[in-house]
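Student: First, the structure itself, so that you have it in front of you.
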Amino acid sequence: MYAWVNPPPEFLEREIALFPNWLVWHLLISPRLEIDQTNVHNLGNDIYQVDLVVQNTGWLPTYITQKALDKKLVKGCICEIQLPDSVTLITGKLREELGQLEGRAYKPSYPTRRQSDPTQDRAKVEWVVRGPAGSKVQLLARHERAGVVRAEIILA
-1 MYAWVNPPPE FLEREIALFP NWLVWHLLIS PRLEIDQTNV HNLGNDIYQV
49 DLVVQNTGWL PTYITQKALD KKLVKGCICE IQLPDSVTLI TGKLREELGQ
99 LEGRAYKPSY PTRRQSDPTQ DRAKVEWVVR GPAGSKVQLL ARHERAGVVR
149 AEIILA
């Protein structure tokens, strides 16, 4: 019975040795959420526009498989802004849902004359806040399959 579910003992070590490379390969192609850029624009009168651009730098899209996307098994990327008591939100929501981000799989590595760069692997969120200069604002982006990234910006 042993040989029906497992390789014969003399081949077992060789079969097991294949799995670490296979697992590392899966890790390397997985979606990976990163912050592409953050910006603060002073609009005057202690009002600031805060921009956050997130990007999936992984090979696979954040939904990983088309079936997961079709069946709506995966939530999209969520971005949040965390404000100190001295800062108030004027426009935007504290929690923004951005949807799925594409990966690099099957995409050209650079734009050509026939293909532009559609940036489906990136998404941007904008908030307008009011608060004193020097206030620290926390930004967070997360996706259940692509990870969590954080940034701290200073209103200036």
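The opening residue of the sequence shown carries number -1 in the working numbering; numbering runs sequentially from there. Where is the CB? At the ideal position from N, CA and C, for every residue including glycine.
Given a cut-off of 8 Å on the beta-carbon distance, is the pair Asn54 and Arg93 in contact?
Tutor: As a position in the sequence shown, residue 54 is number 56, starting the count at 1. As a position in the sequence shown, residue 93 is number 95, starting the count at 1. Cβ atoms of Asn54 and Arg93: not closer than 8 Å.
Student: Have a look at Val126, Cys77, Gln98 and flag the residue whose alpha-carbon is nearest the alpha-carbon of Gly56.
Tutor: Start at 1 with the first residue of the sequence shown, and residue 56 comes out as number 58. Checked all of Val126, Cys77, Gln98; the closest Cα to Gly56 is Gln98.
Student: Can you list, in chain order, the residues of its chain with a C-beta nearer than 6 Å to that of Gln80? Leave out the 5 residues immediately preceding and following it.
Tutor: Here residue 80 refers to the residue found at position 82 when the sequence shown is read from its first residue. Excluding positions up to five away in sequence, the list reads Gln136.
Student: Using DSSP's beta-bridge definition, name the partner residues of Tyr46.
Tutor: Counting from one through the sequence shown, the residue named residue 46 turns up at place 48. BP columns for Tyr46 point to Asn40, Val127.
Student: Does the beta-carbon of Asp83 have 16 or more other beta-carbons within 10 angstroms, so that it is buried, or is it exposed?
Tutor: For the purposes of this step, residue 83 is taken as the residue at position 85 of the sequence shown. Asp83 is exposed by the Cβ-count criterion.
Student: Here's the rule I'm using: 16 or more other beta-carbon atoms within 10 Å means buried, otherwise exposed. How should Pro18 be labelled?
Tutor: In the sequence shown, residue 18 corresponds to position 20, counting from 1. With fewer than 16 other Cβ atoms within 10 Å, it is exposed.
Student: Closest to Trp23 by CA distance: which of Leu50, Leu58, Asp44 is it?
Tutor: Translated into positions along the sequence shown, residue 23 becomes position 25. Of Leu50, Leu58, Asp44, the residue nearest in Cα terms is Leu58.
Student: Using CA atoms only, rank isn't needed, just tell me which of Ala103, Ala66, Val126 is closest to Ile88.
Tutor: Position 90 of the sequence shown, counted from the first residue, corresponds to residue 88. The shortest C-alpha separation from Ile88 is found at Val126.
Student: To which residues of the same chain is Leu67 closer than 6 Å at the C-beta, ignoring the five residues directly before and after it?
Tutor: On the sequence shown, position 69 is the one that residue 67 refers to. These residues qualify, in order along the chain: Tyr61.
Student: Cα separation between Lys20 and Ala144?
Tutor: In the sequence shown, the residue the question calls residue 20 occupies position 22. In the sequence shown, the residue the question calls residue 144 occupies position 146. According to the sequence as given, residue 20 is Trp; it is not Lys. Cα to Cα, Trp20 sits roughly 19 Å from Ala144.
Student: What does the alpha-carbon distance come out to for the pair Tyr104 and Ala131?
Tutor: Locating residue 104 in the sequence shown gives position 106, counting from the first residue. Locating residue 131 in the sequence shown gives position 133, counting from the first residue. Approximately 44 Å, taken between the alpha carbons.
Student: I'd like the list of long-range same chain contacts for His39, defined as Cβ closer than 7 Å, with 5 residues on each side in sequence excluded.
Tutor: By one-based count along the sequence shown, residue 39 stands at place 41. Excluding residues within five positions, the ones whose Cβ falls inside 7 Å are Tyr46, Gln47.
Student: Ignoring anything shorter than 3 residues or poking outside the stretch 64 to 115, list the beta strand (DSSP E) runs there in chain order.
Tutor: For the stretch 64 to 115, whole beta strand (DSSP E) runs of length 3 or above, ordered along the chain, are 75 to 80, 86 to 89, 93 to 97.
Student: Distance, Cα to Cα, Gly42 vs Gly129?
Tutor: Here residue 42 is taken as the residue at index 44 of the sequence shown, counted from 1. Here residue 129 is taken as the residue at index 131 of the sequence shown, counted from 1. Using only the alpha carbons, I get a separation of about 11 Å.
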